[in-house]
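In the UniProt record's numbering, the protein residues as written are 1 to 285.
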């Protein structure tokens with residue numbers, strides 16, 4: 001406003017010149033003073049008005065500064081907390097890694113222990129199975145040997161029984177031939193029913209003796225079975241102590257030179273004879 005109104009007295013002097021009235025000059029000075037006062041009053045009002053605004057702004061600025069300081073402090077605290085959290089997280093991660101490694105190592109050790117125990121158990125089981133199998137094989141072999149021995153003994157017993165049967169058949173055939181000679185000596189001819197009957201029975205005895213001889217010569221089809229020795233006494237060997245085996249002359253295939261026409265004086269009164277008088281020929285011509 002001072003720039004707009006200017007100095008009123010200077011304007012009056014410039015307008016009126018030196019010949020202007022002093023009263024006018026005084027009025028101009030008063031007007032100028034009033035204008036200055038008015039400017040001062042306007043400045044005071046503006047100062048009061050803007051002082052409130054400035055104070056409010058300063059208050060806001062101070063509040064913002066305090067808030068900023070609070071935020072900075074909070075940010076610093078948060079940064080410290082973040083650093084502490086990161087440190088705790090790193091420690092927790094390291095601890096978790098150590099724990100995980102320890103658990104993995106323990107689990108690996110347990111697995112290795114179980115695997116070793118399982119391998120040991122499997123090895124023991126395999127060894128036990130091998131021992132059991134070997135024991136079973138040995139038992140089976142022993143049983144098979146026992147069975148072979150028993151079968152061999154049974155075969156020998158059967159051979160003894162067949163030899164004994166052959167000896168008795170030969171003895172019976174010899175007695176029948178003596179009876180046939182007795183019939184002939186009584187005057188019966190060859191076609192007499194009694195002579196024919198005795199002759200046929202003698203022939204059948206001869207055929208049976210030949211079958212016994214053939215069996216004793218050939219024995220069994222499988223003659224590669226080793227001889228396991230004589231039959232023990234506790235298994236019935238005593239029953240065959242005087243059987244066919246003790247009379248090899250009775251089973252010899254070449255023992256065919258037995259007498260047919262033996263004198264009756266060599267026969268016991270009861271009609272019995274001895275095995276040494278057995279004739280191997282099945283028929284009489």
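Glycine included, C-beta positions come from ideal geometry on N, C-alpha and C.
- The beta carbon of residue 189 sits closer than 8 Å to those of 195, all from its chain and outside the five residues before and after it, given in chain order.
- Taken through DSSP and simplified to helix, strand or coil, residue 188 comes out as coil.
- Counting C-beta pairs with one atom in each stretch, the region 207-215 and the region 149-166 have three or more that are closer than 8 Å, which means they touch.
- Under the 10 Å beta carbon count, residue 69 is surrounded by fewer than 16 other beta carbons and is classified as exposed.
- Going by C-alpha positions, residue 149 is about 15 Å away from residue 159.
- Here residue 198 is actually not in contact with residue 178; their C-beta atoms are around 10 Å apart, not less than 8 Å.
- Beta-carbon to beta-carbon, residue 172 and residue 205 are separated by about 6 Å, close enough to satisfy the 8 Å threshold.
- Within a 10 Å sphere around the beta-carbon of residue 28 sit 16 or more other beta-carbons, which makes this residue buried.
- Here the C-alpha atom of residue 95 lies approximately 10 Å from the C-alpha atom of residue 89.
- Straight across, the Cα-Cα distance linking residue 127 with residue 133 is about 10 Å.
- In summary, residue 61 is exposed, with fewer than 16 beta-carbon neighbours lying within 10 Å of its beta-carbon over all protein chains present.
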